[in-house]
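*Asks:* In mature numbering (1 follows the signal peptide of the UniProt record, and there is no 0), the protein residues as written are -26 to -1, 1 to 383.
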């Protein structure tokens, strides 16, 4: 073997050692940072859907799945994007993005929940970090194969070197696909478990897969969701075998009302008690009957205490009745329940701004910024609120301490 070949082999060996393949991929802190930055960019650049009925529906479907999962004490960013394409995604650090087109593609709320359960499974299993670890191992294996190919080629057999390199490339591609398929199977299996624990029909996942297949057949372009989550006959059969059902579709009245909010025609007009309250309150809002809104919302709260739309509309009416402090308290209570949504704090921020309540505006702007992944902006607003005295200043200082603690973890 030539001196040049030996030198090249030593360089590749040094690179292999520098990869430190024993590491475990992205750390939890790194994933938190990625999630925060990604959420901030989405809120700054995406067309965010703010309809309280749709946001409330998404939160109601997601939170029970989160509670049934292993996701604990970490930030969660639930973002609804006004986009007709069928798509949903999970990003490291607790980001779950959903297009309104997911609702349009489904035929029942359990089918939407099946997609959410799958994405939550990706988060809890830390598939992003594991993909990074797999990538490092594959990179090391690829370089090792290249080392062998180089040794063979420079050792006097160029044909053998080329063949070895081609085999290495093919094996690497096959391993990447294998890792991806394994993660999808794992997310499907765990997603089915989450659906059952949260009270949904696991067979809805089968029905949603079939809906996706039907949409892909009718589309001239690849569906964005299926480009990263391919649905095959084998995948449908495997899921169907696990549930023992075919995923028969049956619409629910409330889901039909959700579809009407995004302009999707629906044969069902009635949506049950919750929708009845929502429609009655919205009619009273249109008529500017603020006392009527508060009365209906007060009655509805016995059955639906944390409904986002009912609570937000009640807060708007309270503000119109010069009961802004009560309105902000209502929005804050909703924010605590719908902990993955930024919008309740955005509504509180905007309400305080229009009233000229500067300390409250700064505080709620800071809280909204946290929910949107913008910790620098949150710190700026909390500093302003903390400098203005009063009860809100103490709360702002507590949030500043929490920010400092979270950044140190």
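Note that CB positions come from ideal geometry on N, CA and C, so glycine has one too. Remember, it's a predicted structure, so these values are computed and weren't measured experimentally.
Who are residue 51's beta bridge partners in DSSP?
*Replies:* In DSSP, residue 51 forms a bridge with 69.
*Asks:* Between residue 306 and chain B, is there a C-beta pair that is closer than 9 angstroms?
*Replies:* Protein chain content of the structure displayed is limited to a single chain, and chain B is not contained in it.
*Asks:* With DSSP run on the structure shown, which of helix, strand or coil describes residue 63?
*Replies:* Looking at residue 63 - three-state DSSP - the assignment turns out to be strand.
*Asks:* Extract the residue ranges of the alpha helix (DSSP H) inside the region 210 to 290, only unbroken runs of 4 or more that lie entirely within it.
*Replies:* Complete alpha helix (DSSP H) runs here, min 4: 227 to 235, 246 to 260 and 264 to 274.
*Asks:* Check this for me: beta carbons of residue 159 and residue 212, under 9 angstroms apart or not?
*Replies:* In contact: residue 159 and residue 212 (Cβ atoms closer than 9 angstroms).
*Asks:* Hey, is the region 227 to 237 in contact with the region 258 to 274, meaning 3+ C-beta pairs nearer than 8 angstroms?
*Replies:* Taking 8 angstroms as the limit for Cβ pairs, the verdict is that the region 258 to 274 does not touch the region 227 to 237.
*Asks:* May I have a chain-ordered list of the alpha helix (DSSP H) segments no shorter than 4 residues that lie completely inside the region 329 to 353?
*Replies:* Within the region 329 to 353, the complete alpha helix (DSSP H) runs of at least 4 residues are 332 to 345.
*Asks:* Are residue 278 and residue 81 touching if we call contact CB-CB under 9 angstroms?
*Replies:* Cβ atoms of residue 278 and residue 81: not closer than 9 angstroms.
*Asks:* In whole angstroms, what separates the C-alpha of residue 351 from that of residue 40?
*Replies:* Answer to the nearest angstrom: the Cα atoms are 27 angstroms apart.
*Asks:* Would you list the one or two residues that DSSP bridges to residue 22?
*Replies:* Bridge partners of residue 22: 55.
*Asks:* Alpha carbon to alpha carbon, how far is residue -3 from residue 238?
*Replies:* Any reading at residue -3 is ruled out, since the residue's pLDDT is 48, under 50, leaving its predicted position unreliable.
*Asks:* Buried or exposed for residue 36, please, with buried defined as at least 16 other CB atoms from any protein chain shown within 10 angstroms of its CB.
*Replies:* When all chains shown are included, residue 36 counts as buried.
*Asks:* With DSSP as the reference, label residue 156 as helix, strand or coil.
*Replies:* Correct three-state label for residue 156: helix.
*Asks:* What is the DSSP secondary structure of residue 129, reduced to helix, strand or coil?
*Replies:* Because residue 129 sits at a pLDDT of 46, beneath the cut-off of 50, its placement in the model cannot be relied upon, and the following sentence gives the value as read from the coordinates. Correct three-state label for residue 129: coil.
*Asks:* If you draw a straight line from the C-alpha of residue 268 to the C-alpha of residue 33, how long is it?
*Replies:* Looking at the two C-alpha atoms, the distance is approximately 23 angstroms.
*Asks:* Compute the Euclidean distance between the alpha carbons of residue 206 and residue 53, then round it to the nearest angstrom.
*Replies:* Their backbone Cα atoms lie some 28 angstroms apart in a straight line.
*Asks:* Can you name, in chain order, every residue of its own chain whose Cβ lies under 6 angstroms from the Cβ of residue 49, other than the five neighbours on each side?
*Replies:* Closer than 6 angstroms at Cβ, skipping near neighbours: 68.
*Asks:* Identify which residue in 91, 197 and 283 has its Cα closest to the Cα of residue 61.
*Replies:* It is 197 whose Cα lies nearest to the Cα of residue 61.
*Asks:* Buried or exposed: where does residue 323 fall if 16 or more other Cβ atoms within 10 Å of its Cβ makes it buried?
*Replies:* So residue 323 ends up on the buried side.
*Asks:* Can you tell me where the alpha helix (DSSP H) holding residue 304 begins and where it ends?
*Replies:* Segment 298 to 311, the alpha helix (DSSP H) holding residue 304.
*Asks:* Is the distance from the Cβ of residue 259 to the Cβ of residue 282 below 9 angstroms?
*Replies:* Against a cut-off of 9 angstroms, the Cβ pair of residue 282 and residue 259 comes out as no contact.
*Asks:* On the three-state DSSP scale, how would you describe residue 317?
*Replies:* Residue 317 falls in the helix class under three-state DSSP.
*Asks:* Note down, in chain order, each residue of its chain lying with its Cβ closer than 6 angstroms to the Cβ of residue 66, except the 5 sequence neighbours on either side.
*Replies:* Same-chain partners within the cutoff: 5, 8, 9 and 102.
*Asks:* Report, in whole angstroms, the separation of the C-beta atoms of residue 55 and residue 23, which I expect to be a contact under 8 angstroms.
*Replies:* Right, the Cβ-Cβ distance comes to about 6 angstroms (below 8 angstroms), so this counts as a contact.
*Asks:* I'd like the list of long-range same chain contacts for residue 292, defined as Cβ closer than 6 angstroms, with 5 residues on each side in sequence excluded.
*Replies:* The residues are 300 and 301.
*Asks:* Following the continuous alpha helix (DSSP H) through residue 75, name the residue where it begins and the one where it ends.
*Replies:* 74 to 79 is the span of the alpha helix (DSSP H), which, as asked, contains residue 75.
*Asks:* Taking the C-alpha atoms as reference points, what is the distance between residue 377 and residue 72?
*Replies:* Each residue's alpha carbon lies about 27 angstroms from the other.
*Asks:* When you compare the CB positions of residue 93 and residue 75, do they come within less than 9 angstroms of one another, or not?
*Replies:* Taking 9 angstroms as the Cβ cut-off, residue 93 and residue 75 do not qualify as a contacting pair.
*Asks:* If you follow the alpha helix (DSSP H) that residue 93 is in, where does it begin and where does it stop?
*Replies:* Looking at the DSSP string, the run of the alpha helix (DSSP H) that includes residue 93 is 83 to 98.
*Asks:* Within this structure, are the beta carbons of residue 345 and residue 316 separated by less than 9 angstroms?
*Replies:* Cβ atoms of residue 345 and residue 316: closer than 9 angstroms.
*Asks:* Go ahead and pull the three-state DSSP assignment for residue 174.
*Replies:* Reduced to three states, the DSSP call for residue 174 is coil.
*Asks:* Once DSSP output is grouped into helix, strand and coil, what is the label at residue 33?
*Replies:* If DSSP states are grouped into helix, strand and coil, residue 33 belongs with the helices.
*Asks:* Please report the straight-line C-alpha distance between residue 163 and residue 18, rounded to a whole angstrom.
*Replies:* Their Cα atoms are separated by approximately 34 angstroms.
*Asks:* Whose C-beta lies closer than 6 angstroms to the C-beta of residue 241 among residues of the same chain, with five residues either side of it excluded?
*Replies:* For residue 241, the pLDDT reaches just 49, beneath the cut-off of 50, and the residue's location in the model is therefore unreliable, leaving the point undetermined.
*Asks:* Terminal residues of the continuous alpha helix (DSSP H) containing residue 198?
*Replies:* Segment 198 to 202, the alpha helix (DSSP H) holding residue 198.
*Asks:* Would you identify the three-state DSSP class for residue 205, choosing helix, strand or coil?
*Replies:* Of the three classes helix, strand and coil, the one that applies to residue 205 here is coil, per DSSP.
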